Amino acid sequence: MARYNAKTVEEKWQKIWAEGRVFEARPDQKGPKYYVLEMFPYPSGRIHMGHVRNYTLGDVVARYKRAKGFNVLHPMGWDAFGLPAENAAFKNKVHPAKWTHENISVMRGQLKRMGFAFDWSREFATCDPEYYGQQQALFLDFFEAGLAYKKEAWVNWDPVEHTVLANEQVINGCGWRSGVPVERRKLAHWFFKITDFSEQLLNGLDKLDRWPAKVRLMQENWIGRSEGARVNFSLKGRDDHLEIFTTRPDTLFGASFCALSADHPLSEQLARENPDLAAFLKECRKLGTSAEAIEKAEKIGFDTNLKALSPVGDGRELPVYVANFVLMEYGTGAIFGCPGHDQRDLEFARKYNLPVPPVVLPEGEDAKTFEIGDEAYTGPGTMINSGFLNGLKDNEAVSKIIAFLEKEGAGKREITYRLRDWGVSRQRYWGCPIPFIHCPSCGSVPVPREDLPIRLPEDVEFDKPGNPLDHHPTWKHVTCPKCKGQAVRETDTLDTFVDSAWYFARFTAPAAKLPVDKTQANYWLPVDQYIGGIEHAILHLLYARFFTRVLKKLRLLDVDEPFTGLFTQGMVTHRTYRDEDGSWVLPANLKQLEDGSFVRADNGKKVKEGRYEKMSKSKNNVVDPSDIIDQYGADTARWFVISDSPPERDLLWTEAGIEGAWRFTRKVWRLVNRVRENLDRAPAKAGEKLESAEEDILRLTHKTIDGVSKDIEIFHFNKAVARIYEFVNGLTAAPATLQRSHGFREGVFTLVKMIGPMMPHLAEEAWQQLGHKTLLANEPWPEVDKHYLAVETITIAVQVMGKLRDTLETAPGTDQAELEKMALQSDKVQRAINGKDIKKVIVVPDKIVNIVIE
RNA sequence: GCCCCCGUGGCGGAAUUGGUAGACGCGCCAGACUCAAAAUCUGGUGGCCUUCGGGCCGUGUCUGUUCGAGUCAGACCGGGGGCACCA
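For the first sequence, the numbering used here puts the final residue at 860, and the numbers step up evenly by one.
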């Protein structure tokens with residue numbers, strides 16, 4: 007028997023699959039369609055274990071579904087625009103295109119060595135002009151549909167990256183990549199009108215029952231729907247009024263002040279005549295972006311001396327403040343404060359000595375004595391001190407007050423969302439150019455479609471900060487498509503989240519003349535199973551859902567949701583190690599001493615073990631997939647990443663674990679060879695003993711098929727692996743005579759088929775060694791023969807007072823009286839009863855007998 | 001602060017609707033093969049006690065519901081994640 011040589015076997019089958027174009031998807035192939043997609047990678051340089059895990063999970067699904075008779079689409083491409091390419095250009099004087107394409111080439115090679123069943127014929131990169139040209143066409147479609155617009159807006163400016171960040175790219179007031187505090191600037195900026203779809207995006211979540219509940223909840227919170235009312239407050243001595251959004255219009259009688267955002271137009275207007283207020287606004291803006299402010303969060307205000315008139319007809323005048331805790335971006339940028347029933351308003355009122363009238367009385371309290379102390383009362387109750395609302399429940403009061411406001415013309419019912427429009431302009435070179443031209447006489451003019459794609463210029467320098475497109479001597483200077491006068495191109499490029507918001511649709515027809523080929527998209531979409539990291543739970547997934555709805559509106563396809571199934575996998579972690587100097591030590595650079603402790607292999611310094619953390623260069627705890635493939639082969643790596651941990655949890659990478667997977671690889675190979683060596687010998691003669699042993703093998707085989715299939719369907723890959731281990735143990739333990747039996751051969755054939763999705767090269771080689779001429783990749787999944795699932799005996803647990811005392815072997819379906827009799831005959835049970843009176847016997851057929859005594 | 005998830009052997013993790021806790025793997029121990037090692041195979045492996053029959057304890061802690069709780073309920077402790085002045 008030849009020792010299993012993973013390298014030659016894996017290369018051999020990868021070549022055969024590629025030459026036979028085995029995994030290329032065509033819509034005319036038979037079977038229901040199944041689109042499985044893993045989040046495409048950013049070409050950062052080399053693949054990491056996170057990629058290996060992600061793409062192995064997807065590949066198991068793709069190969070399994072293929073075997074189950076589905077017409078599977080499983081494509082791969084590159085999310086190729088983005089900042090790191092420009093950083094590399096700046097640092098190493100390499101052109102972003104060159105850097106990106108070299109990385110793609112390396113990573114493609116690494117992925118191919120993993121043996122994933124991708125349809126490589128559909129590969130594209132988002133930096134291909136064919137792709138971003140279509141994206142520019144889509145941008146024009148958005149514009150024509152009123153879904154892309156330009157406005158002056160406060161934007162988050164990253165002073166290090168010299169670019170605008172989306173709200174969601176600002177984390178604790180700092181840029182998500184640069185980590186430095188962002189500044190607020192007013193800039194002309196392109197937006198996509200995602201807010202038009204707030205309601206749809208929220209309601210659509212209900213149908214996504216194959217998404218993790220956690221992700222749906224995160225999206226729900228992100229969209230942030232609130233029901234309430236828009237209320238007008240007249241301003242004493244002025245013609246204008248304040249518009250305020252509130253979710254608690256029932257507490258209007260409890261209002262004791264109004265507060266404006268520092269960015270509210272009225273605040274700015276007042277500040278022009280009031281230098282103190284101007285200084286306060288400046289202070290607020292500074293606070294708004296510093297990390298410190300978030301920690302302290304002291305509520306401060308500035309009294310404008312304006313008085314707002316209570317809109318509920320009680321004639322009260324409320325002071326108007328500008329307050330640091332009011333956001334311009336949410337609601338109307340102005341609030342009324344009801345300190346009795348809102349904690350933040352209460353803190354504010356206490357600070358500025360404002361009244362705190364209670365208007366909602368909790369159950370069991372007396373209206374005469376009820377007072378608000380240090381905590382606002384936010385629960386339900388009965389209205390008091392509220393004029394015509396008195397005596398109503400708070401929710402009844404909401405309807406009544408809204409009806410009142412509507413009648414008075416002082417307000418109306420309103421629903422608001424936290425979700426903001428998506429700012430997509432980036433001051434960057436390495437992104438999709440926005441197809442607009444700015445003409446001094448015609449304004450912003452769309453680029454005619456026949457001029458697409460607008461290609462990025464190749465001759466660019468990265469010697470100074472800012473956007474190279476802006477510095478380019480010729481690229482931006484063009485004639486206006488309308489008046490033919492001198493004009494300039496838009497030099498901003500699109501946020502890279504735009505690139506990934508529709509790539510899954512492009513995969514269905516990557517060479518289509520339109521952005522999306524409707525026939526192909528309607529055939530393949532939606533993606534049946536999408537797999538990726540939880541870090542994209544909000545942004546990417548929400549943008550893709552938005553794009554899909556727009557594509558439908560543009561009549562480019564007919565589906566609402568892009569991904570009907572979503573799976574989010576956990577991180578790949580590894581133990582961390584530090585030496586005496588505190589520097590992180592690479593796992594590959596460890597040497598274990600006799601006593602079990604570690605030292606550095608290079609300089610012998612003592613090393614301390616740390617905790618398991620996500621593999622990262624900074625912690626120096628990475629294991630390079632290529633090293634693992636070199637040492638053990640792709641199949642072993644694939645097997646290990648799906649074997650121990652459930653895929654949604656973090657995977658602990660261990661050297662012992664990968665060794666164990668490698669041992670299993672060889673064990674399967676030995677088992678296959680045992681059958682192969684006996685193939686040309688006649689099957690063993692069926693004696694009585696052999697017959698029953700053979701039956702046992704067949705029963706185990708079919709039980710395993712049943713279990714493994716079910717486990718794969720629900721992503722319990724680690725359990726499928728455990729079942730396969732048990733199966734292999736069962737087969738290995740079979741006596742030599744049995745190994746020539748038909749049943750045993752059947753068992754090993756089945757084993758080979760079942761490891762196909764997980765260790766495809768080994769399985770394919772074994773299939774051939776076992777005398778088959780077909781490709782295993784084209785073989786159907788084994789069928790369960792229900793006959794073998796029937797059990798002859800089952801084990802019944804017998805408890806006395808809930809404690810296990812004995813077990814009984816019996817046929818399934820044995821009746822209760824019989825079970826009780828059998829249980830009482832047991833010596834062990836009698837000993838436990840110890841002569842006491844039996845109060846009750848509980849019998850659950852096929853499960854348990856529990857005897858209750860005095 | 002609010003919301004969500006998770007706590008099971010030395011480790012990763014199993015355990016349909018409440019019904020034999022610890023499947024399977026790793027590690028460890030013992031044995032077989034070998035001059036030896038590697039590889040492989042076999043057996044054992046939650047803790048404590050044991051007259052070797054077995055007994056007691058045990059799923060973060062404490063209460064409760066139940067004939068019966070890892071599973072359900074309440075309170076708490078610990079770990080992880082998300083959101084965060086959202087009116």
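From the three backbone atoms N, C-alpha and C, an ideal C-beta is built for every residue, glycine too.
Note that the structure is a prediction, hence the values are computed from the model and not measured.
Skipping 5 residues on each side, what residues in its chain have a beta carbon closer than 7 Å to that of residue i?
i: residue 647; result: 58, 59, 62 and 657
i: residue 368; result: 383, 385 and 387
i: residue 249; result: 236, 238, 338 and 340
Are the CB atoms of residue j and residue i within a distance shorter than 8 Å?
i: residue 533; j: residue 43; result: yes
i: residue 486; j: residue 451; result: yes
i: residue 331; j: residue 350; result: yes
i: residue 47; j: residue 105; result: no
i: residue 459; j: residue 499; result: no
i: residue 261; j: residue 343; result: yes
i: residue 228; j: residue 425; result: yes
i: residue 407; j: residue 395; result: yes
i: residue 327; j: residue 307; result: yes
i: residue 568; j: residue 128; result: no
i: residue 184; j: residue 212; result: no
i: residue 799; j: residue 783; result: no
i: residue 835; j: residue 712; result: no
i: residue 200; j: residue 436; result: no
i: residue 640; j: residue 121; result: yes
i: residue 318; j: residue 263; result: no
Helix, strand or coil: how does DSSP classify residue i here?
i: residue 301; result: Note on residue 301: pLDDT 41, under 50, position unreliable in the model; no value is reported.
i: residue 435; result: coil
i: residue 50; result: coil
i: residue 383; result: coil
i: residue 226; result: helix
i: residue 347; result: helix
i: residue 126; result: helix
i: residue 336; result: coil
i: residue 731; result: helix
i: residue 200; result: helix
i: residue 678; result: helix
i: residue 265; result: strand
i: residue 445; result: strand
In chain order, what residues of the same chain have a beta carbon less than 8 Å from the beta carbon of residue i, not counting five sequence neighbours either side?
i: residue 851; result: 819, 820, 821, 822 and 825
i: residue 242; result: 312, 313, 314, 315 and 323
i: residue 654; result: 218, 573, 574, 575, 576 and 721
i: residue 608; result: 595
i: residue 718; result: 66, 67, 70, 726 and 763
i: residue 618; result: 579, 580, 581, 582, 656 and 658
Judging by CA-CA distance, which residue of the options is the nearest neighbour of residue i?
i: residue 461; options: 806, 141, 598 and 117; result: 141
i: residue 616; options: 599, 630, 581 and 592; result: 581
i: residue 27; options: 124, 561 and 389; result: 124
i: residue 467; options: 535, 798 and 96; result: 96
i: residue 785; options: 759, 664 and 524; result: 759
i: residue 288; options: 200, 191 and 362; result: 191
i: residue 257; options: 422, 364, 666 and 334; result: 364
i: residue 153; options: 198, 495 and 802; result: 198
i: residue 255; options: 81, 93, 680 and 401; result: 401
Spatial neighbours of residue i within its chain, please: C-beta separation below 6 Å, excluding the five flanking residues on both sides.
i: residue 456; result: none
i: residue 126; result: none
i: residue 832; result: 812
i: residue 597; result: 605 and 607
i: residue 45; result: 538
At least 3 beta-carbon pairs within less than 8 Å: the stretch 697 to 717 vs the stretch 743 to 751
yes
Given 8 Å as the limit, is there contact between the stretch 86 to 95 and the stretch 129 to 138, that is, 3 or more CB pairs closer than that?
yes
Flag this pair as touching only if the stretch 230 to 237 and the stretch 414 to 426 have three or more C-beta atom pairs under 8 Å; answer yes or no.
yes
Measuring CB atoms only, is the stretch 656 to 676 touching the stretch 753 to 771, in the sense that at least three cross pairs come out at less than 8 Å?
yes
Does the contact criterion of 3 or more C-beta pairs under 8 Å hold for the stretch 584 to 592 versus the stretch 542 to 557?
no
Pairing CB atoms from the stretch 489 to 496 with CB atoms from the stretch 506 to 514, are three or more of them under 8 Å?
no
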